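Structure, rendered in structure tokens:
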């Protein structure tokens, strides 16, 4: 069908508007990236930089030479890796058990899980529980309280409910027990769901901030986001140091350090997402359609 002038005009305006919105969303990312590589002398001479002519790695060299910052990257990597694997194991195991209709006290367990979604205990009870368990100043304090959530369990249960019962029956005829069905049948078929939830958990652990402020007192156990917040107050992460020629041979603006730290905190997650996008698009529809 031939489009009318009004339809073509609307499509052109729609595309133009969406392009402006996209550019507006990408510009802060571009500006942060560019400013992190800007030479200090050019930064001091210009008030606004769209494309610097002098590039340098001085800000990144300083961050890499800072033991506290490098250590925080390792802490966040451990949380994002080990925490995500543990969260997936706990969430999928609990969701699989709840999806089996023969489970005793199934409805009572689902009701208790639903209560955790509707009512949260609050900060003080959570802190008291973590302290009584002896997890203060340990990385377990950042993993155990957030290892899973009622909403994630119910969503993954909905995905497991969509798996045909005939597959489980066929596996049992072949001699598989409950654990065999779970690891050999259910988990391989649930790869899109596991990837989607894994991305959610990984981003959550990588961005851990508030729980680290509450439970971790040792600065050498702080994750990256806590260090990044402290850099907004003191970019050198030390009250005794000053930005001078000791690091780069010339004065270094604090903004370039902040931007470089933001880039280093953002790039790992941005690099992981493209590899998971194929499964994430399908996993995002978890539980929405049941055949």
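Numbering (UniProt numbering), first residue to last: 1 to 291.
Using N, Cα and C, we set each Cβ at its ideal position, and we do this for glycine too.
Quantities reported herein were computed from a predicted structural model and do not represent experimental measurements.
Remark: C-beta atoms of residue 169 and residue 181 do not approach each other more closely than 7 angstroms. Per DSSP, reduced to three states, the secondary structure at residue 38 is strand. In the structure shown, residue 55 falls within a strand segment according to DSSP collapsed to helix, strand and coil.
A contact is defined here as three or more CB-CB pairs under 8 angstroms, and the stretch 102-120 meets this definition with respect to the stretch 146-157. Fewer than three Cβ pairs drawn from the stretch 213-229 and the stretch 192-203 lie within less than 8 angstroms of each other, which leaves the two stretches out of contact. Proximity of the stretch 60-77 to the stretch 258-277 meets the contact definition, three or more beta-carbon pairs being nearer than 8 angstroms.
One thing to note: residue 224 has its Cβ no nearer than 7 angstroms to the Cβ of residue 29. The C-alpha of residue 88 is placed about 18 angstroms away from the C-alpha of residue 100.
In the DSSP assignment, residue 204 falls within the alpha helix (DSSP H) that extends over 191-206.
One thing to note: residue 49 has its Cβ no nearer than 7 angstroms to the Cβ of residue 205. The C-beta separation of residue 108 from residue 157 comes to about 15 angstroms, leaving the pair out of contact by the 8 angstroms criterion.
Cβ neighbours of residue 97 within its own chain (closer than 7 angstroms, five residues either side excluded): 103. For residue 93, the secondary structure class from DSSP, reduced to helix, strand or coil, is helix. Residue 10 counts as exposed, since fewer than 16 other C-beta atoms from the protein chains shown sit within 10 angstroms of its C-beta.
Of the candidates 75, 120 and 232, 75 places its Cα closest to the Cα of residue 208.
A straight line joining the alpha-carbon of residue 272 with that of residue 187 spans about 21 angstroms.
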